[in-house]
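Sequential numbering of the sequence shown, starting at 0, is according to numbering that gives the first Met the number 0.
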Amino acid sequence: MSEEALRQQIQNLKKHNARLKRIAHDARNKLSAALDGTGLCLWQLHIPSGKLVIFNRRWGAMLGFQPKETKAQFDVWRDRLHPDDADEVLKAFYDHIEGRAPYYEALHRMLGKDDSIKWVLDRGRVTEWDEAGNPIKVTGTHIDMTKEKQYEAQLSSLAHHDPLTGLTNRHALHTQYSKMKALGPLCVAFIDLDNFKHVNDTLGHRSGDEVLIQLSQRITDVLPPNVVIGRLGGDEFVLLMPFLIDYPKVRILLQAVLDAALTPFDIDNGHAQIGASMGIAQVQERDSFDEALMRADEAMYQIKKNGKQGFGLAG
């Protein structure tokens with residue numbers, strides 16, 4: 000082959016190589032754009048060196064990092080694992096690498112640049128081995144699951160809490176009742192507000208809602224953490240108190256709740272004055288939640304009947 004022909008062949012190979020590089024670069028940009036639009040990050044780990052190839056920038060951005068602000072290394076990823084999840088995640092990873100699991104998968108938390116928490120669904124599989132059968136490369140995906148986990152938490156909160164006051168709702172009260180009953184003595188207090196209808200009629204339902212919100216916070220502030228506070232709806236509240244009914248602290252706490260209700264409320268369009276009638280019953284061994292609540296309700300009704308604004312104990 001002549002020197003001129005060889006030079007021409009080299010030139011053609013250079014052009015062809017440049018064209019392949021442009022195609023690869025364009026394909027990578029398209030892949031990155033497509034993956035970023037889904038919140039998914041594609042990665043590949045070279046196990047011997049610990050080097051990570053990130054095929055799009057979603058992972059760093061998800062954690063609050065600018066491009067090239069962090070090294071693409073296995074130990075950087077490992078150090079960003081949430082400390083409460085790290086052992087389980089690494090076990091799942093090495094179980095696959097060492098042949099004890101067919102693939103790697105973990106739903107876990109990671110720490111962002113500002114130590115904020117991000118949820119990630121991480122999947123991977125060995126894609127290359129050496130001649131001795133040792134794994135060389137792992138290819139996988141990260142999917143940002145933070146919004147999904149936040150939505151899940153919101154759904155859980157709605158399922159167990161009153162949407163207006165944030166207190167425990169009826170469904171969750173049943174669950175809490177069963178748990179607390181199994182642990183020891185338990186009292187159920189039923190609270191019905193006095194003169195609350197007058198607030199709604201004269202100041203409007205929005206003001207009534209504001210009173211309920213303020214009262215809920217007041218009750219929360221005066222009761223210890225081991226007392227569960229719930230709202231059944233309207234102006235009816237329930238307390239689950241892990242005490243014997245004749246325990247002196249029970250009367251002190253009920254009086255604190257009564258005082259919280261009797262203290263006037265400052266609201267946007269004026270002042271509101273209400274009170275509370277309360278009944279409390281000792282939970283018996285065979286009592287269901289509804290049975291205990293009914294006895295507390297009967298004791299509350301006697302207070303209503305005898306002038307309101309007080310508390311009574313079920314017989």
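Ideal placement from N, C-alpha and C gives every residue a C-beta, glycine not left out.
Quick one: what's got a C-beta closer than 7 angstroms to Arg250's C-beta in the same chain, skipping five residues either side? none
Roughly how many whole angstroms lie between the Cα atoms of Lys29 and Lys148? Confidence is the limiting factor: at Lys29 the pLDDT is only 48, short of 50, which leaves the residue's position unreliable and the question unanswerable from this model.
Would you list, in sequence order, the uninterrupted beta strand (DSSP E) runs of no fewer than 3 residues that lie entirely inside the region 184-254? 186-193, 227-232 and 235-240
For Ile266, which residues does DSSP report across the bridge? Gly269
Where does the unbroken alpha helix (DSSP H) through Ile279 begin, and where does it stop? Where Ile279 is concerned, there is no enclosing alpha helix (DSSP H), although the beta strand (DSSP E) it sits in stretches over Gly274 to Gln281.
Report the rounded CA-to-CA distance for Asp94 versus Tyr103, giving the unit in angstroms. 8 angstroms
What did DSSP end up calling Lys136 once you bin it into helix, strand or coil? strand
Does the Cβ-Cβ distance between Gln272 and Leu257 come in under 9 angstroms? no
Based on Cα-Cα distance, which residue from Ser276, Val198 and Ser287 lies nearest to Gly269? Val198
Roughly how many angstroms separate the alpha carbons of Asp117 and Asp74, rounded to a whole number? For the sequence presented, residue 117 should be read as Lys rather than Asp. Near 18 angstroms, if we compare the C-alpha coordinates of Asp74 and Lys117.
Could you check the C-alpha separation between Trp128 and Leu110 for me, to the nearest Å? 31 angstroms
CB-CB under 6 angstroms to Val125, same chain, minus the five flanking residues each way: which ones, in chain order? Pro134 and Val137
Secondary structure of Lys117, DSSP reduced to three states: strand
Give me the residue from Leu157, Arg77, Val237 and His81 with the minimum Cα distance to Cys186. Val237
Within its chain, find whatever has a CB closer than 6 angstroms to the CB of His159; leave out the 5 residues flanking it on each side and keep chain order. Ala171
Rounded to whole angstroms, how far is the Cβ of Trp42 from the Cβ of His107, which I believe are closer than 8 angstroms? Actually they do not touch by this definition, with Cβ atoms about 15 angstroms apart.
Relative to the C-alpha of Ile266, which residue among Gln213, Gln72 and Ala100 is closest? Gln213
When the distance is taken between beta carbons, is Ala291 closer than 9 angstroms to Gln283? yes
Looking at the structure shown, is Glu97 part of a helix, part of a strand, or coil, going by DSSP? coil
Spatially closest choice to Gly309 from Phe242, Ser276, His81 and Asn168, by CA coordinates: Ser276
Look at the alpha carbon of Lys146 and the alpha carbon of Leu154, and state the distance between them as a whole number of angstroms. 12 angstroms
Return the CA-CA distance between Ala263 and Lys307, expressed in angstroms with no decimal places. In the sequence as displayed, the identity of residue 263 is Pro instead of Ala. Taking the straight line from one Cα to the other gives about 17 angstroms.
Out of Lys196, Asp114, Gln254 and His204, point me to the one whose CA is closest to Met61's CA. Asp114
Taking the alpha-carbon of Lys196 as reference, which of Gly233, Leu166 and Ile228 has the nearest alpha-carbon? Gly233
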